[in-house]
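K.L.:
Chains as they are written, first to last, in my numbering: chain F, 1 to 328; chain H, 1001 to 1959.
1. Run through chain C and tell me which residues come within less than 9 Å of residue 1723(H), C-beta to C-beta.
2. By DSSP's criteria, residue 161(F) is part of a beta bridge. Which residues make up the other side?
3. Let's see if you can read the secondary structure: which residues bound the beta strand (DSSP E) around residue 197(F)?
4. Starting from residue 88(F), trace the beta strand (DSSP E) both ways and give me its first and last residue.
5. For residue 1487(H) and residue 1503(H), I'd like the C-alpha separation in whole angstroms.
6. Within the continuous beta strand (DSSP E) that includes residue 127(F), where are the two ends?
7. Of all the residues that make up the stretch 25 to 37 of chain F, which are near chain H by a beta-carbon distance shorter than 9 Å?
8. Helix, strand or coil, according to DSSP, for residue 1601(H) in the structure here?
9. Please name the residue or residues paired with residue 279(F) in a DSSP beta bridge.
10. According to DSSP, what are the bridge partners of residue 65(F)?
11. Output yes or no for whether 8 Å exceeds the beta carbon distance between residue 1714(H) and residue 1748(H).
12. Quick check on residue 1883(H): does DSSP put it in helix, strand or coil?
13. Going along chain F, which residues have a C-beta under 9 Å from residue 1707(H)?
14. Can you tell me the Cα-Cα spacing of residue 1524(H) and residue 1694(H), whole angstroms?
15. Identify which residue in 1949(H), 1329(H), 1393(H), 1909(H) has its Cα closest to the Cα of residue 1825(H).
16. Any beta carbon of chain F sitting closer than 8 Å to that of residue 1677(H)?
17. Checking the sheet assignment: what are the DSSP bridge partners for residue 35(F)?
18. Answer yes if the stretch 258 to 265 of chain F comes into contact with the stretch 288 to 299 of chain F, meaning at least three C-beta pairs across the two stretches below 8 Å, and no otherwise.
19. Please tell me whether residue 1565(H) has its Cβ less than 8 Å away from any Cβ of chain F.
20. Below 8 Å between beta carbons: does that hold for residue 1248(H) and residue 1322(H)?
21. What three-state label does DSSP hand residue 117(F) in the structure shown?
22. Assign residue 128(F) to buried or exposed, taking buried as 16 or more other Cβ atoms, counted over all protein chains shown, within 10 Å of its Cβ.
23. Quick one: is residue 1904(H) near chain F, going by C-beta distance under 8 Å?
24. For chain F, find out if any of its Cβ atoms is closer than 8 Å to the Cβ of residue 1351(H); answer yes or no.
25. Residue ranges of each beta strand (DSSP E) run of no fewer than 3 residues wholly in the stretch 1386 to 1423 of chain H, ordered along the chain?
26. Grouping DSSP H, G and I as helix and E and B as strand, with all else coil, what is residue 100(F)?
27. Pull up the CB-CB distance for residue 1873(H) and residue 1915(H), whole angstroms please, since I reckon it's below 8 Å.
28. By DSSP's criteria, residue 1242(H) is part of a beta bridge. Which residues make up the other side?
29. Hey, quick one: how far does the beta strand (DSSP E) through residue 307(F) stretch, first residue to last?
30. Does the distance from the CB of residue 1160(H) to the CB of residue 1183(H) come in under 8 Å?
31. Helix, strand or coil for residue 1110(H) per DSSP?
32. Candidates 1770(H), 1686(H), 1773(H): which alpha carbon is nearest residue 1743(H)'s?
33. Quick check: the Cα distance between residue 1052(H) and residue 1032(H), rounded to an integer number of angstroms?
34. For residue 1290(H), does the count of other Cβ atoms within 10 angstroms reach 16, so buried, or fall short, so exposed?
35. Does residue 58(F) get closer than 8 Å to chain H when you measure Cβ to Cβ?
36. Find out if the Cβ-Cβ distance for the pair residue 158(F), residue 110(F) is shorter than 8 Å.
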């Protein structure tokens, strides 16, 4: 059981700033890519074959990038910065222009959430100008779908996750707030479906598995709270996982729903089995807070990677628990 | 000879003109009279001379016929005169021909034995031989064949044996050649520029049949000439080979032998002469062929590696000729002949090669025509059969024969491969063939690993900065490999060419698999297999391949491997090369190690090596090696052999990586991710040969990948390197070489690396902080290299001062400190420290030192302290911080090293006094300890630091 501690397959350096967010795009196209957003306002596009930054996109006038993603069906990069802008980038044919941008008005750290409703159309949830406000717009038309504001005071929105349930007409959204509460919103009805207090401290991050209807959230304390949605769309708290050191910046579930990774403030990435939340590995490489983790979306499961971005300006890439891969 | 006067064209006038001279000559046979006549002869034109031929020849022949001894000079002049006549006329009369022939032969032979040449002057012999030649050329077609009638056998035999004796015995090459030429002319096989009779097939048959009687004599004697004196001129050998081949062809021609000759019994009228007649029956042909085959092999073995290309060329012609005309009658000879041809495929001389290609193409065409059913098939079969036999006997030949012979055998081998061309892959599909060939290569390429020097040589210079032009110096230093079974470099070249050809035509997957197997199977084959693999890959990529349509199907090009195949083959081979057990080999024995340590302590400038300076580290290496090697070899006393063998293995593998880079060119760049680190790791090795090979390899890689220099290679790929370094620094126990790679990297790069280095330095310092006890020595050299690099990248005014101070210091002839200078310096420093003469000293320094560089931080010196420090300064500060701790390390070596580092730190920091002073202050107490109470070496070194210090830090420090 006790195998030697795994080491990163390789590391990407030269980002020139703390890394806040990572996003893989390995599915389709010739070269697998990793997008990273740094605290200095640059988005690096890493070619995972050459292990080098293929392009560096500067945006958000030097403000910290807190979130990057790509819109699957199009060639569009979407990024969110602390300059209260969400930018849509046209990266096709070597361009790197801001095609469109949305003003959010949020000064917080809440990352956006994007959901593809139909090919070419997306919903984007982002924190609004008011503390508790969440806005959802449609892309590319930028029409406001709804604004979600809870009645009670809950503090700032810390994290949101948007998904389309198999049953039920409209998309759902789960949001974590500063006071440790989780709220489940029905986007079409603009109503709160369920509410629970998961953490004593602010919810720092959450992720949700729409297949198992199960989610997990992290906070600035030692516990990870996992919760499920029952058929009536009620949030029900389940087991807590207690970590050694407090503070989780991000949680990520692998595409096949088998692994969960947490980005710890204790410089470590922890890997759990998603089913039972069994701790599997502690990945130790970074020398500062890990702020982001992401699993790659390679088609061949053996090529799948885990990336961790840290405040120490490095991205480490790991190949773990891949069937047939020897680094297991 | 241009005739100025009009020649006499009227026979009557000519007759009148020549008559007195002829008459006079008949009466008084003197040299003068002969000369008069021959002068007059030149004034008569050819047609007239023809009419008067008999008349003119009469007095001349008369002179020869006069009984009694004659003067050589006279005979010579007469022969020359006759030659002139014959050259310009034709002999139409059989009697004239016959008589002249015997008369001339008589002039040559000794009176006692008509078969032996007389002991006459060389001039005479030469003149008579020329005359004979002229006679044979002048003979008319209808009469010349009378020479080959059975009746003539004794006379002809005498002439032939006389000529053979001359060709064999004569001291002068000219006479040898002339005699051989006459012999050729006599058998109507002359190849000079004059017109010759073209015999009909019937006439040819008659000639052949008659010459059959003399075949044994001629061939044996000529073989003796060919294989005789190696120093005889090539003209003789060439001529002799021509005579041999033409005679054999004349007699053994398939066309003649196949026509079943009417078995005519020699007419009884011939009497005893009848016994001389040879009947060319099949039995006779068979036995003769057997004998000829023996002679032929003698000739081939003697001439195929002859120094002169004309000889080799004529051999090719011989082979071609015989294969063309006698391939049925001389079946047994086909093998050797083919071998001779194939051996010339790779001749150095293009003319030989071209001729050989023509011949081979003809051979293969003939084969295709002769039996169409499975023609090419059979020829390939013959070739691959030959190849197989050769491969089988190759190891034996390599052990037993001398170098030229080996070279020839290998050339033949290569020739077969080239001939087979793309069919090589078919041949190699047979496991037996491949096995044989690979075994042969393995044995031939066995290296001599006895040289102790290789193990002992250390590279102090390896880490010296390389200038862009330094690549030549690296290639120049590359050590020659010494092989057990041969010494000639050419042989090695051919062997490598063989491997490349295999790779070019063969199935790359099959071959790399096979040789990788061999590589893994046995440690005794490992080096050879690696050499073969390197060349295979090169060949597969078409690097260094000379192929101009030498194959049978010249239009079919090789290159069976696609770029993708090549890539995957290279990846797998390289993985094997750089795997732990094949890459981390012990190359240093412990005791030499100790010597080296002592040496290094005395030479402060040289960089301390890492791996064996440190006991802990050495253990790591031992652990690695012992866990992979069989227990017997892991015993601590690895013999010199093993070390040497390990060194060579590494070198070959390093060369291999360079080969792979060449094979892939720009496509190798992605592979740098995995290959550059191991190469640089070896560049930091202190075994001279390995580090040289690694640097050479790195140069080749940078060239192949399109980087202008090694520095660019390192700079551009520093991210890959640092990635591995950083990972391995965290697992130092398994990867003790990581700091070494960093050291090499720092040595070969420039300040553009700084941002990335800054990153890694933190890793280094952290790794150091985690375990001062075990890793201090290891990291001291890294820190030293780092600081040296920083000093180089950011030359400040101050460091220049230091440099000049240093050069002044070490300008004394030996490294021994100039005590006087030292004392003077010391006094000066002391005064300085006490504040005396600061003013003037400063001005003096300013004069000495070139104007300081325009530093960007100049304003900072006065300005805000809180601005962020330039990276190199903050790194230096961090390093210096560690030095403070390490200054009191229990190990003397570490302390010495730290003092060196400290010195560099001070000079870097000197540009920022605000930073330097507090650090210096903190450094002082432990430094003082070094100065006061430590090993003399440490005191000395500490003093030097103090000295540098004085240049920048005005004292608060008590001295």
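In this text, a Cβ means the ideal position worked out from N, Cα and C, and glycines have one as well.
P.N.:
Result, derived from the coordinates:
1. Annotation note: the requested chain C is absent from the structure, which comprises protein chains F and H.
2. 174(F)
3. 191 to 197
4. First-last of the beta strand (DSSP E) with residue 88(F): 85 to 90.
5. 25 Å
6. 121 to 127
7. Within the stretch 25 to 37 of chain F, no residue qualifies.
8. Note that residue 1601(H) scores 40 on pLDDT, short of 50, meaning its location in the model is unreliable; the coordinates nonetheless yield the value given after this. In the structure shown, residue 1601(H) sits in a helix (DSSP, three-state: H, G or I).
9. DSSP output for residue 279(F) lists 272(F) as bridge partner(s).
10. 81(F)
11. yes
12. Helix at residue 1883(H).
13. Under the 9 Å cutoff, chain F gives no residues; its nearest Cβ is about 15 Å from residue 1707(H).
14. 23 Å
15. For the residues 1949(H), 1329(H), 1393(H), 1909(H), the minimum Cα distance to residue 1825(H) belongs to 1949(H).
16. no
17. Looking at the DSSP output, residue 35(F) shares a beta bridge with 23(F), 45(F).
18. Flag = yes, the stretch 288 to 299 of chain F and the stretch 258 to 265 of chain F touch.
19. no
20. Yes, Cβ-Cβ distance for residue 1248(H) and residue 1322(H) is below 8 Å.
21. Annotated three-state conformation of residue 117(F) is strand, per DSSP.
22. buried
23. For residue 1904(H), the closest Cβ of chain F is not nearer than 8 Å.
24. Residue contact with chain F for residue 1351(H): absent (no Cβ-Cβ distance below 8 Å to any residue of chain F).
25. none
26. The answer is strand: DSSP assigns residue 100(F) an E or B state.
27. 6 Å
28. Per DSSP, none; premise fails for residue 1242(H).
29. 306 to 310
30. Cβ distance < 8 Å, so residue 1160(H) and residue 1183(H) count as in contact.
31. coil
32. 1686(H)
33. Near 21 Å, if we compare the C-alpha coordinates of residue 1032(H) and residue 1052(H).
34. exposed
35. no
36. yes
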